[in-house]
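Notes for the one structure printed next.
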Amino acid sequence: MTMFMSSFSSLKVSTTAGFSISVQRRRCIPHRRRSLKVEATGNVFGDYFQVATYGESHGGGIGCIISGCPPRILLSEADMQAELDRRRPGQSRMTSPRKETDKCQILSGISEGMTTGTPIHVFVPNTAQRGQDYTEMSKAYRPSHADATYDFKYGLRSVEGGGRSSARETIGRVAAGAVAKKILQIKSGTEILAYVSQVHKVVLPEGMVDNETVTYDQVESNMVRCPNAEYAQKMIDAVDAVRVQGDSVGGVVTCIARNVPRGLGSPVFDKLEANLAKAVLSLPASIGFEFGSGFAGTFLMGSEHNDEFYTDPSGSIRTRTNRSGGIQKKQKTVTRDGHETELIVRGRHDPCVAPRAVPVVESMVALVLVDQLMAHLAQCEMLPINPDLQQHVSVPSNGSLSMSQVA
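Residue numbers (my numbering): 608 to 1014.
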């Protein structure tokens, strides 16, 4: 196939604004053949508030680049560090024993303690790499991990800690999520809070936690991050029972978002539910996602499952209801060249990932909401609203956040 490139002849066009532009007309001439290449990426999340994460588990470090952050927001490394400390390993016997401080550094996008509107670069160095723990995994695939997947897709992989597929990748998400949370609080008083509602067979019964009033302090009061003390202890006991056997269990994280502006999301492919589902299912080890009553709602008739509307004392329309694992033992697997073998997974791992997933889930929900909020403001509040049906996005009257956080 012969490829063509163009030579140019210029055409000057005057405009009514009093300046001129140069338009170049193309004339095709033969040119050498060029190779075609596929350019694909799965490392950027968001459209308006964009986050690109980078780094591997045992590489030099992990981080993110945030684009589209509004300017003049007071922001420091301490804002991010508070969230990163909740996510980091080595917090308790419920988590991986890997000792990392996960201290973040903001390398750009901040001036005199304020966001400048330019890209924010956050870097967290890895300081406790132990690549030698993964020698066996260079020859055999860990079941239910991404080892084989990366080999099959790329033809090679970063063996140490799973590389890019490691949960350490979520450091970038949590750092960016801290910024998103701050924007949401400032603009709309939105609060996002997650907690562990199930570990293995220990299920927190419905109604044991009031999602309208549960607090951050209640969630953080124990190592498993369940706001009910009785069931938190049952969950801890369940993890301890398998941890000493070198095994692991799964769990469920429930996330609630309060004071979310209505109208977020865009029909039909960018419905808020669809974006939240994609965001949360992109997290390591996540295998299921549901809203409200989820799959349990299929056992109900429509008349039982519907969420009834009512008008609250402030005049707002609301609904009365809201219905609408890694194994560490010896396992059979195959080697890279297809031979059956047994693999003992070494290294430092979480006996249950659910507690550390709490701040990560919150961060992904925050990233979706802030991205959709910016899209909503751009489209639906560009012109005067219809006051009979629409509301301006603003901090609610009962919001506790001070606008002093904005310079």
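Heads up, the beta-carbon is just placed ideally off N, CA and C, and yes, glycines get one too.
The model shown is predicted, which means the values in this text are computed figures rather than measured ones.
Top-ranked residue by Cα proximity to residue i, from the options
{"i": "Ser715", "options": "Thr660, Pro994, Gly779 and Gly724", "result": "Gly724"}
{"i": "Cys862", "options": "His807, Asn929, Ser910 and Gly769", "result": "Asn929"}
{"i": "Val972", "options": "Ile799, Arg869, Val810 and Cys987", "result": "Ile799"}
{"i": "Leu974", "options": "Tyr655, Thr648 and Gly649", "result": "Tyr655"}
{"i": "Arg983", "options": "Val968, Asp995, Ile669 and Ser1001", "result": "Reading off the sequence shown, one finds His at residue 983, where the question assumed Arg. It is Ser1001."}
{"i": "Pro891", "options": "Gln792, Asp844 and Cys959", "result": "Cys959"}
{"i": "Cys671", "options": "Ala659, Glu663, Pro677 and Pro868", "result": "Ala659"}
{"i": "Ser804", "options": "Asn835, Glu915 and Leu691", "result": "Asn835"}
{"i": "Asn733", "options": "Val826, Gln792, Gly857 and Glu776", "result": "Glu776"}
{"i": "Gly668", "options": "Asn650, Lys878, Tyr823 and Phe730", "result": "Phe730"}
{"i": "Pro962", "options": "Leu879, Met981, Met830 and Val816", "result": "Met830"}
{"i": "Glu719", "options": "Asp692, Ala755 and Pro678", "result": "Pro678"}
{"i": "Tyr823", "options": "Met721, Val965, Met981 and Gly675", "result": "Val965"}
{"i": "Leu996", "options": "Arg869, Phe898, Val977 and Ser900", "result": "Arg869"}
{"i": "Asp877", "options": "Glu819, Thr648 and Gly653", "result": "Gly653"}
{"i": "Gly592", "options": "Ile790, Ser900 and Phe896", "result": "No statement about residue 592 is possible, as the shown extent of the chain runs from 608 to 1014 and does not include it."}
{"i": "Glu827", "options": "Glu690, Gly922, Met989 and Asp709", "result": "Glu690"}
{"i": "Pro726", "options": "Leu681, Cys676 and Asp692", "result": "Cys676"}
{"i": "Ile790", "options": "Tyr748, Cys987, Leu907 and Asp978", "result": "Asp978"}
{"i": "Gln657", "options": "Ile924, Ser674, His665 and Ser873", "result": "Ser674"}
{"i": "Ile717", "options": "Glu663, Leu682, Asp692 and Ala985", "result": "Leu682"}
{"i": "Val809", "options": "Thr722, Asp844 and Ile924", "result": "Asp844"}
{"i": "Val849", "options": "Met701, His728 and Gly662", "result": "Met701"}
{"i": "Gly895", "options": "Gln852, Gln825 and Gly858", "result": "Gly858"}
{"i": "Val806", "options": "Lys841, Glu767, Thr820 and Ala787", "result": "Lys841"}
{"i": "Pro874", "options": "Gln986, Tyr761, Lys760 and Leu990", "result": "Gln986"}
Own chain residues within Cβ distance below 8 Å of residue i, not counting five before or after
{"i": "Pro920", "result": "none"}
{"i": "Val968", "result": "Ala801, Val860, Cys862, Val887 and Leu890"}
{"i": "Arg694", "result": "Asp709, Thr777, Ile778, Val781, Arg963, Pro966 and Val967"}
{"i": "Val821", "result": "Leu800, Tyr802, Pro834 and Ile863"}
Simplified DSSP assignment, three categories, for residue i
{"i": "Ser674", "result": "strand"}
{"i": "Gln998", "result": "coil"}
{"i": "Ile793", "result": "helix"}
{"i": "Leu976", "result": "helix"}
{"i": "Gln852", "result": "coil"}
{"i": "Gly784", "result": "helix"}
{"i": "Tyr823", "result": "helix"}
{"i": "Val766", "result": "coil"}
{"i": "Val859", "result": "strand"}
{"i": "Phe896", "result": "coil"}
{"i": "Glu798", "result": "strand"}
{"i": "Ile992", "result": "coil"}
{"i": "Tyr757", "result": "helix"}
{"i": "Arg775", "result": "helix"}
{"i": "Met721", "result": "strand"}
{"i": "Ser828", "result": "coil"}
{"i": "Gly666", "result": "coil"}
{"i": "Tyr748", "result": "coil"}
{"i": "Leu890", "result": "coil"}
{"i": "Ile636", "result": "The predicted model places Ile636 with a pLDDT of 45, which falls under 50 and marks its position as unreliable, so this point remains unresolved."}
{"i": "Val809", "result": "strand"}
{"i": "Arg700", "result": "coil"}
{"i": "Arg963", "result": "helix"}
{"i": "Val867", "result": "coil"}
{"i": "Val846", "result": "helix"}
{"i": "Val803", "result": "strand"}
{"i": "Val968", "result": "helix"}
{"i": "Gly954", "result": "Legend: pLDDT at Gly954 = 48, less than 50; position of this residue unreliable, no value from coordinates given."}
Contacting residues, own chain, Cβ-Cβ under 6 Å from residue i (five flanking each side not counted)
{"i": "Met687", "result": "Cys711, Ala782 and Ala785"}
{"i": "Leu883", "result": "Val975"}
{"i": "Gly872", "result": "Lys878, Leu879 and Gln979"}
{"i": "Gln998", "result": "none"}
Neighbour flag for residue i against chain D, beta carbons, 8 Å
{"i": "Lys760", "result": "In the structure shown, chain D does not exist; there is a single protein chain."}
Bounding residues of the beta strand (DSSP E) (the contiguous stretch that carries residue i)
{"i": "Val729", "result": "Ile727 to Pro732"}
{"i": "Gly872", "result": "No beta strand (DSSP E) contains Gly872, which DSSP labels as neither H nor E."}
{"i": "Val658", "result": "Gln657 to Gly662"}
{"i": "Arg694", "result": "Unbroken run through Arg694 is the alpha helix (DSSP H), Glu684 to Arg694; no beta strand (DSSP E)."}
{"i": "Phe916", "result": "Phe916 to Thr918"}
{"i": "Leu714", "result": "Gln712 to Ser715"}
{"i": "Ile924", "result": "Ile924 to Thr926"}
Close Cβ partners of residue i (< 7 Å) along its chain, the five nearest in sequence each way excluded
{"i": "Ile934", "result": "Only weak support exists for where Ile934 lies, its pLDDT of 30 falling under 50; the value from the coordinates is given anyway. Around Ile934: Pro750, Ser751, Asp854 and Ser855."}
{"i": "Ala753", "result": "Gly769 and Ser772"}
{"i": "Asn818", "result": "Ile863"}
Residue interval of the alpha helix (DSSP H) (run including residue i)
{"i": "Ser910", "result": "Gly909 to His912"}
Check: residue i C-beta below 7 Å from any heavy atom of the ligand ADP
{"i": "Gln825", "result": "Judged by which ligands are present, the structure shown has none, so any question about the ligand ADP falls away."}
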